[in-house]
Amino acid sequence: MTTGPSPALDPALVERTLAEALATGGEFADLFAEDKRTTTFGMEDNRLDRLQLAQDRGVGVRVVVGSVTGYAFADGWGEESLLSAARAARDVARGDGPSGQPVRLVAVGTAIGDQPVRPAERATILERAALVERANAAARAAGPLVRQVTTRFSDMVQRVVIASSDGILATDERRVVQLMVAVTAERGGVRQIGRRARGGQTGLELYDTFSPEELGRDTANGAISMLDAVPAPAGTMPVIVSNGWGGVLFHEAVGHGLEADHIERNSSVYAGKLGERVAAPIVTLVDDATIPLHRGSFRVDDEGVAGQRTPLVVGGILEGYLTDRKHARALGLATSGNGRRQSFQKLPLPRMTNLIVEPGTSTPADILADTPSGLYVVSLGGGQVDTTSGQFVFSVTEGYLIEGGRLGAPVRGATLAGDSFSVLARVDAIGDDFALDPGLGNCGKQGQWVAVGVGQPTLRVAELIVGGTASGPNGASGGG
Amino acid sequence: MSVDQSNVDVCADVVARAKAAGAEEAEAYLESLTTRTVDARGGALESVTTARAHGVSVRVLIGGALGLASGTDLDSSGRADLAEQAVRLARASAPDPARVLPDPEPVPSDDLAIYDPSLSELSLDDVLDLLTRSERAAFATDPRIDAAHIERFGQAREQVVVVNSRGVSASTISTLCWLSLSVIAREGDDAQRGYASLVGHGPGAIDPDVIGYRAARRAVTPIGGAPLPTRRASVIFEPDVIAELVRGLAQALSGDAVVKGRSLFTQRADGPAWPGRTVGSTAVDLIEDGALPGAPGTLPFDGEGVPTRATPLIQAGVLQGFLHNCESARRAGTTSTGNGVRGSYRGLPEVGPMNLVLRPGTRAPAALVASVDEGLYVTSTRNVGGINPVSGDYSVGASGRRIVKGELAEPVSGVTLAAPMLELLANVREIGSDLRWISGTGGYVGSGTVLIDDVTIGGR
Numbered sequence: 001m002t003t004g005p006s007p008a009l010d011p012a013l014v015e016r017t018l019a020e021a022l023a024t025g026g027e028f029a030d031l032f033a034e035d036k037r038t039t040t041f042g043m044e045d046n047r048l049d050r051l052q053l054a055q056d057r058g059v060g061v062r063v064v065v066g067s068v069t070g071y072a073f074a075d076g077w078g079e080e081s082l083l084s085a086a087r088a089a090r091d092v093a094r095g096d097g098p099s100g101q102p103v104r105l106v107a108v109g110t111a112i113g114d115q116p117v118r119p120a121e122r123a124t125i126l127e128r129a130a131l132v133e134r135a136n137a138a139a140r141a142a143g144p145l146v147r148q149v150t151t152r153f154s155d156m157v158q159r160v161v162i163a164s165s166d167g168i169l170a171t172d173e174r175r176v177v178q179l180m181v182a183v184t185a186e187r188g189g190v191r192q193i194g195r196r197a198r199g200g201q202t203g204l205e206l207y208d209t210f211s212p213e214e215l216g217r218d219t220a221n222g223a224i225s226m227l228d229a230v231p232a233p234a235g236t237m238p239v240i241v242s243n244g245w246g247g248v249l250f251h252e253a254v255g256h257g258l259e260a261d262h263i264e265r266n267s268s269v270y271a272g273k274l275g276e277r278v279a280a281p282i283v284t285l286v287d288d289a290t291i292p293l294h295r296g297s298f299r300v301d302d303e304g305v306a307g308q309r310t311p312l313v314v315g316g317i318l319e320g321y322l323t324d325r326k327h328a329r330a331l332g333l334a335t336s337g338n339g340r341r342q343s344f345q346k347l348p349l350p351r352m353t354n355l356i357v358e359p360g361t362s363t364p365a366d367i368l369a370d371t372p373s374g375l376y377v378v379s380l381g382g383g384q385v386d387t388t389s390g391q392f393v394f395s396v397t398e399g400y401l402i403e404g405g406r407l408g409a410p411v412r413g414a415t416l417a418g419d420s421f422s423v424l425a426r427v428d429a430i431g432d433d434f435a436l437d438p439g440l441g442n443c444g445k446q447g448q449w450v451a452v453g454v455g456q457p458t459l460r461v462a463e464l465i466v467g468g469t470a471s472g473p474n475g476a477s478g479g480g
Numbered sequence: 481m482s483v484d485q486s487n488v489d490v491c492a493d494v495v496a497r498a499k500a501a502g503a504e505e506a507e508a509y510l511e512s513l514t515t516r517t518v519d520a521r522g523g524a525l526e527s528v529t530t531a532r533a534h535g536v537s538v539r540v541l542i543g544g545a546l547g548l549a550s551g552t553d554l555d556s557s558g559r560a561d562l563a564e565q566a567v568r569l570a571r572a573s574a575p576d577p578a579r580v581l582p583d584p585e586p587v588p589s590d591d592l593a594i595y596d597p598s599l600s601e602l603s604l605d606d607v608l609d610l611l612t613r614s615e616r617a618a619f620a621t622d623p624r625i626d627a628a629h630i631e632r633f634g635q636a637r638e639q640v641v642v643v644n645s646r647g648v649s650a651s652t653i654s655t656l657c658w659l660s661l662s663v664i665a666r667e668g669d670d671a672q673r674g675y676a677s678l679v680g681h682g683p684g685a686i687d688p689d690v691i692g693y694r695a696a697r698r699a700v701t702p703i704g705g706a707p708l709p710t711r712r713a714s715v716i717f718e719p720d721v722i723a724e725l726v727r728g729l730a731q732a733l734s735g736d737a738v739v740k741g742r743s744l745f746t747q748r749a750d751g752p753a754w755p756g757r758t759v760g761s762t763a764v765d766l767i768e769d770g771a772l773p774g775a776p777g778t779l780p781f782d783g784e785g786v787p788t789r790a791t792p793l794i795q796a797g798v799l800q801g802f803l804h805n806c807e808s809a810r811r812a813g814t815t816s817t818g819n820g821v822r823g824s825y826r827g828l829p830e831v832g833p834m835n836l837v838l839r840p841g842t843r844a845p846a847a848l849v850a851s852v853d854e855g856l857y858v859t860s861t862r863n864v865g866g867i868n869p870v871s872g873d874y875s876v877g878a879s880g881r882r883i884v885k886g887e888l889a890e891p892v893s894g895v896t897l898a899a900p901m902l903e904l905l906a907n908v909r910e911i912g913s914d915l916r917w918i919s920g921t922g923g924y925v926g927s928g929t930v931l932i933d934d935v936t937i938g939g940r
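Chain order of the listed sequences is A and B. Counting from 1, one number per residue, gives the positions in the first sequence under the working numbering. Counting from 481, one number per residue, gives the positions in the second sequence under the working numbering.
1) Which chain A residues are close to residue 664 of chain B, counting only those with a beta carbon under 9 angstroms from its beta carbon?
2) Could you confirm whether any beta carbon from chain A is found closer than 8 angstroms to the beta carbon of residue 858 of chain B?
3) Take the Cβ of residue 603 of chain B as the centre, count every other Cβ of all protein chains shown within 10 Å, and call the residue buried at 16 or more, exposed below.
4) Within 8 angstroms of any Cβ in chain B, is that where the Cβ of residue 347 of chain A sits?
5) Give me the chain A residues within the contact set of residue 870 of chain B, using Cβ-Cβ distance strictly less than 8 angstroms, ordered along the chain.
6) Within 8 angstroms of any Cβ in chain A, is that where the Cβ of residue 929 of chain B sits?
7) Just to confirm before moving on: does the CB-CB distance between residue 351 of chain A and residue 259 of chain A stay below 8 angstroms?
8) Residues in its own chain within less than 6 angstroms of residue 227 of chain A by CB, not counting five upstream and five downstream?
9) At 9 angstroms on the CB atoms, spell out the chain A contacts of residue 876 of chain B, in chain order.
10) Are the C-beta atoms of residue 70 of chain A and some chain B residue less than 8 angstroms apart?
11) Apply the 10 Å Cβ neighbour rule to residue 637 of chain B and answer buried if 16 or more other Cβ atoms are within range, or exposed otherwise.
12) Tell me the rounded alpha-carbon separation between residue 89 of chain A and residue 413 of chain A.
13) Name, please, each residue of chain D whose Cβ falls closer than 8 angstroms to the Cβ of residue 629 of chain B.
14) Evaluate residue 860 of chain B with the Cβ neighbour count: other Cβ atoms within 10 Å of its Cβ, from every protein chain shown; 16 or more gives buried, anything less gives exposed.
15) Leaving out the 5 sequence neighbours to the left and right, which residues in its chain are closer than 6 angstroms to residue 593 of chain B when beta-carbon positions are compared?
16) Taking residue 11 of chain A as the reference, which of A/264, A/61, A/105 has the closest Cα?
17) Would you verify that the beta carbon of residue 672 of chain B is, or is not, closer than 8 angstroms to some beta carbon of chain A?
18) Indicate whether the contact test is met: 3 or more Cβ pairs, each with one atom in the segment 674-687 of chain B and one in the segment 393-410 of chain A, closer than 8 angstroms.
19) For the structure I just gave you, are there three or more beta carbon pairs, one from the segment 826-833 of chain B and one from the segment 729-745 of chain B, closer than 8 angstroms?
20) Let me see if you follow: with CB-CB separation under 8 angstroms, is residue 734 of chain B close to chain A or not?
21) Tell me, which residues are paired with residue 481 of chain A by DSSP?
22) Which class does residue 1 of chain A belong to by DSSP, given the choice of helix, strand or coil?
23) Taking 6 angstroms as the limit between beta carbons, can you name the residues of its chain near residue 305 of chain A, skipping five residues before and five after?
24) Determine the burial state of residue 117 of chain A: buried for a count of at least 16 other Cβ atoms within 10 Å of its Cβ, exposed for fewer.
25) Are the segment 248-265 of chain A and the segment 447-460 of chain A touching by the rule of at least three beta carbon pairs closer than 8 angstroms?
26) Please confirm whether residue 73 of chain A has its beta-carbon closer than 8 angstroms to some beta-carbon of chain B.
27) Using the Cβ count rule (16 or more neighbours within 10 Å means buried), how would you classify residue 18 of chain A?
28) Could you check what DSSP says for residue 735 of chain B in three-state terms: helix, strand or coil?
29) Under the rule that 16 or more other beta-carbon atoms within 10 Å means buried, what is residue 769 of chain B, buried or exposed?
30) By Cβ distance, which residues of its chain are closer than 7 angstroms to residue 845 of chain B, with the 5 residues on each side in sequence left out?
31) Have a look at B/644, B/814, B/730, B/588 and flag the residue whose alpha-carbon is nearest the alpha-carbon of residue 870 of chain B.
32) Smallest Cα separation from residue 26 of chain A: which of A/34, A/231, A/361, A/67?
33) How far does the alpha helix (DSSP H) with residue 226 of chain A in it reach, from first residue to last?
34) Considering only C-alpha positions, which residue in the set B/619, B/746, B/502 is nearest to residue 689 of chain B?
35) Indicate the three-state DSSP secondary structure (helix, strand or coil) for residue 453 of chain A in the structure shown.
36) Do residue 299 of chain A and residue 166 of chain A have their CB atoms nearer than 8 angstroms?
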């Protein structure tokens, strides 16, 4: 399928819109125009029968006066949409500043470097549909225990124009692909579901390296192995988190608390702690929007600020927060290029990009051998944190008992719980096997979803609360 | 209330264009929305977001093969483009005889009480006043409330239109508003956040004092809390907490999930049929009712234009049936229950609930607490995909108060709760009389406080 003509937005109209937005004395105004096309191919019951195309085009205009923000959005990129949004936004935020100041925009380079080799939206429908069919066939070939296979491929191309009254004009194109497989396996009335995905800001070339067959087979085998799962232990125990997607533990447990809106509202355990020790000395955490082609990366954020690599915790010491323009200004910090939004319908918030735990020196094999008992976590289903108390929880989608320094039976129904400070303080071994996640992460905050990445080596937390239905290695069960 | 006929005409035109482009059957679904969201703190406005937005999707069938395209460009060329794109996708899609569009059914003309004209008269000052009152009510509840974290009021007026080539032409206008408050409680080094919200079709449903009180109570409850030792005990769930479990259960009661093997209620080759089987204690009555007057999820018809209705799911612990849209009903050899729900105009009508009601009991929550000798009273949980409609596992993080000899005792935090969902249902001892509506992703839930015996609490 071809995409429509790339929409153009006349810079003179953008300048006029911003001037209009400031016409009642606003101090700052910006505009976010978005044109997004998402095509989805879904297969279930062996039928490729969910083909969908969504086209969203719209613009949002923000006007700031003191601590008050007016925001309005409208469908389309037409003159009427832009100007009506500007007027609606300024109606809320009226100020005493000089009105009618002209705005002169200067295009900032977005250095369009790492671009997909084979942009998905230019491929035929059949070529993209084949990815879904190949993954489905491989998953079903894993054996008769496979009861259902759902596969989905989606490709998105988002064109943005971002401009602000301080003169920034940024344009960019972002492309994201994702292939997802979910397999339900069943044996003797026990049913388990396994889900995996592979994606990134790439084109279809990604699936030359990571084949749909491999994804389908691995997902099916994962679901089948979970049929032998024993109830998860309950209690406090050492937890090893394997490399790659396991980094989402730190995204939740720590990363959210470093977002500047929580700092400004004093709703984070990390507020006022810059320069203090917040983790074991072996822990270094970085937010990195510059990893080529990875899911959480970008050249400019949704406020026109260049994507950056931001050290957060270095050698256990808290060194930085993640800011958008509003909260950088409020806190007197530099903008770290973390202003992100779900769509033109939303105001930006400080958000993570790719959250990275830097590698250490242990080998993953040694870390396991050195752990007499506990839980070995391969995949987490996502998590949630209360940044104010620092308490977080995760569901474990693939995990194994550790028995005598070796992997034991898979476990079902486990959760991990802890608090931000404890988990960072209790990291007592970090592996040398750093890996990025396979490109599947989405993060929700205040109802806004954005794509994120994580990366980490295999590491061990000396003690976490594991929730399950069986008694734990420490034997705590009932009574007391 | 007046229905904007021009949006019905837009849909009819899209259907006609899709037919002209080669569709055998076509359906247009449109949403047109006016919305305002207000954030404030400490009596001062922080931000106001306003918009008028609309979008339409067209679903076409060619020989049972489906294509769907959506967009916001509703002028003549935009409509033509959508129709053509949908036809193009359908031509690449596999045929499936279960893909059908509904025939027209009369939509009952009862007043569903989903439109409140007074909502549009609410001024910005009125909204700021509601937000400020909710914050004050929180501060008045407990001296440990330190700050408001987020105060948000949202309101929307929305027209929904469904037109299809089989004669369905349905349109409705509804209003909705909600107020949510998150506050921070502090004592010593401990800080906790508490959240509460109310939702309804008009400002009358929003009592800022109730929101402030509930948010404050949920914030202060876990202050100074510690994990309990790992044990099995009786657990009392507040309505907001049990709502998550009910939604997980509803996912498993989706006729689509059942027929496609993605539900714990999927028929096993060697097992008895699920409907008619006992899946919970006699205290458990679960009903889905998309036509319940005044309930927050109520609409006269679903996302494919099928009239909404009451569907019993569990009665006195016995499973009665499943939720269906037209497609899952066709696969299961039954009829739609009016549960084809669209998350937005962009998507297909998926099987989902609109208003799920766990029938309340007769006693107040305090009586439930008094009946527990040793246990946990849960005021908030963190669910992170630990409610699994396929395996039936329930596993969440929780905080609240310990119950000792029928009274609330010391605060508890950092524990986990885990049990198979069906075991939880079987162990429901009593449901409180305090029915309230809880909003969240995956449908509105109406429930009271629930007492469940023999739940595994994971702690120290």
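Glycine included, C-beta positions come from ideal geometry on N, C-alpha and C.
On the basis of the data shown:
1) 265, 266, 267, 388
2) At least 8 angstroms separates the CB of residue 858 of chain B from every CB of chain A.
3) exposed
4) yes
5) 184, 191, 192, 193
6) No, residue 929 of chain B does not count as interfacial toward chain A.
7) yes
8) 185, 187, 190, 192
9) Residues of chain A passing the Cβ test: 393, 395, 415, 467.
10) Using beta-carbon distances, residue 70 of chain A counts as an interface residue toward chain B, with a partner under 8 angstroms.
11) buried
12) 48 angstroms
13) The structure shown contains no chain D; its protein chains are A and B.
14) buried
15) 773, 774
16) Checking every option, the nearest Cα to that of residue 11 of chain A belongs to A/105.
17) yes
18) no
19) Cβ pair count under 8 angstroms is three or more, so yes.
20) no
21) No answer is possible for residue 481 of chain A: it lies beyond the span of chain A, which begins at 1 and ends at 480.
22) Because the pLDDT of residue 1 of chain A is 37, which lies under 50, any placement of that residue in the model is unreliable, and the question is left without a value.
23) 335, 337
24) exposed
25) yes
26) Chain B contact via Cβ: present.
27) buried
28) DSSP, read as helix, strand or coil, puts residue 735 of chain B in helix.
29) buried
30) 912, 914, 929
31) B/730
32) A/67
33) Looking at the DSSP string, the run of the alpha helix (DSSP H) that includes residue 226 of chain A is 212-226.
34) Taking residue 689 of chain B as reference, the option from B/619, B/746, B/502 with the minimal CA-CA separation is B/619.
35) strand
36) no
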